[in-house]
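Residue numbers (numbering that gives the first Met the number 0), protein chains in the order written: chain A, 0 to 124; chain B, 0 to 124.
Even glycine gets a Cβ: it sits at the ideal position worked out from N, Cα and C.
Number of protein chains: 2
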Amino acid sequence: MSTESLTIKQAAEATGLSVHTLRYYEGLGLIHPIDRAGNTHRRYTREDIGWIQFLLKLRATGMSIQDMQTYAELQRQGDETLQQRVAMLKALEREVEAHIAELSGHLDLIRYKIALYSEPVLELA
Amino acid sequence: MSTESLTIKQAAEATGLSVHTLRYYEGLGLIHPIDRAGNTHRRYTREDIGWIQFLLKLRATGMSIQDMQTYAELQRQGDETLQQRVAMLKALEREVEAHIAELSGHLDLIRYKIALYSEPVLELA
DNA sequence: ACTTGACTTAGAGCCAACTCGAAGTGTTAT
DNA sequence: ATAACACTTCGAGTTGGCTCTAAGTCAAGT
């Protein structure tokens with residue numbers, strides 16, 4: 000086994016995705032067709048793993064699979080699509096900012112309730 | 000129509016949930032059995048609406064319906080369950096903090112990529 | 001009176017994103 | 001040689017959280 004590339008099982012371990020899901024993502028076009036060793040078995044490069052890890056971050060921001068498909072397709076089309084990808088990233092930036100702001104507001108409320116329920120009853124003057 | 004209580008339709012408008020979902024939540028025990036006017040039609044009080052809005056915030060933090068059921072059940076049992084509710088809120092606080100931290104990390108990466116793709120190519124010395 | 005709204009139960013349908021399994025064949029590592 | 005791994009297609013199943021329909025009855029507001 001070369002240290003340069005990973006089998007699908009190793010790629011699964013490296014990314015936390017299942018073997019099934021790796022093939023599923025490739026089928027959806029989220030991952031480009033992975034090069035094959037001996038023309039049948041997939042061999043994942045460092046770059047492949049990096050890309051998958053990036054995808055997982057997009058997913059964790061709540062980006063839909065559809066949007067990830069669009070992004071991946073643009074990526075594959077090369078430098079001409081840089082503007083469009085930047086536009087997508089900027090839209091995502093705004094969404095994530097909004098989401099963080101919303102969660103922060105809810106966190107404040109949670110903390111307020113914790114304080115309220117934990118405090119000894121106030122003595123009124 | 001009294002100004003003191005709302006019909007299910009008005010409650011739907013006030014909370015953003017559908018009439019269907021209001022009954023669905025009540026059936027799940029997320030909302031206590033709403034008092035009836037004339038013994039059949041639900042009438043939502045201000046407190047009911049407030050509770051539902053709180054539920055929606057819990058939902059927005061990612062709390063599962065199961066956990067919301069548990070919380071609602073504890074709430075219904077009264078003051079003796081305060082400790083347990085505080086424990087749940089503290090656990091939620093940690094989860095939301097972790098989620099915000101994760102999103103913030105991803106936001107940094109998104110911004111980094113935007114900068115990278117937007118910058119004019121650097122002139123090397 | 002009459003329109004609009006609300007009630008019930010029970011079950012079907014929907015969406016996203018997996019997740020799994022079968023079946024049968026081919027590959028790799030030791 | 002042999003065990004473990006990988007390949008394909010492809011359809012079914014799962015989870016969570018709704019969402020809707022049907023059918024028939026009853027209530028409220030003007």
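- Against chain A, the CB of LYS8(B) has no partner CB under 8 Å away; the residue lies outside that interface.
- Beta-carbon to beta-carbon, VAL95(B) and THR60(B) are separated by about 5 Å, close enough to satisfy the 8 Å threshold.
- Taking a beta-carbon distance threshold of 8 Å, VAL85(B) counts as an interface residue toward chain A.
- In this structure, TYR116(A) and LEU54(B) do not form a Cβ contact; the two beta carbons are roughly 17 Å apart against a cut-off of 8 Å.
- Proximity of ARG45(A) to chain B, defined by a Cβ-Cβ separation below 8 Å, is not satisfied.
- Taking 8 Å as the threshold, the shortest C-beta distance from SER63(A) to chain B does not fall below it.
- Relative to the Cα of SER103(B), the nearest Cα in the group LEU106(A), ILE99(A), HIS105(A) belongs to ILE99(A).
- Contact between the region 38-50 of chain B and the region 6-25 of chain B is present: three or more C-beta pairs spanning the two stretches fall below 8 Å.
- For LEU108(A), the enclosing alpha helix (DSSP H) begins and ends at 81-117.
- ARG35(B) is bridged by DSSP to ARG41(B).
- Taking the Cβ atoms as the reference, LEU88(B) lies roughly 5 Å from ILE109(A), within the contact range of under 8 Å.
- Here ALA11(A) is buried: its Cβ has 16 or more other Cβ atoms, across all protein chains shown, within 10 Å.
- Around the CB of HIS19(A), fewer than 16 other CB atoms lie within 10 Å, so the residue is classed as exposed.
- Cβ neighbours of ILE51(B) within its own chain (closer than 6 Å, five residues either side excluded): THR14.
- ALA59(B) has a beta carbon lying within less than 8 Å of a beta carbon in chain A.
- By the neighbour-count criterion, in which a residue is buried when 16 or more other Cβ atoms sit within 10 angstroms of its Cβ, ALA36(B) is exposed.
- Assignment of beta-bridge partners to LEU5(B) by DSSP yields TYR43(B).
- Per the C-alpha coordinates, the member of LEU29(A), ILE113(A), ASP107(A) positioned closest to GLY49(A) is LEU29(A).
- In the three-state reduction of the DSSP assignment, LEU27(A) falls in the helix class, which pools H, G and I.
- With 16 or more other CB atoms across the displayed protein chains lying within 10 angstroms of its CB, TYR70(B) is buried.
- Contacts with chain B (Cβ-Cβ distance below 9 Å) from the region 91-104 of chain A involve LEU91, GLU92, VAL95, GLU96, HIS98, ILE99, GLU101, LEU102, SER103, GLY104, listed in chain order.
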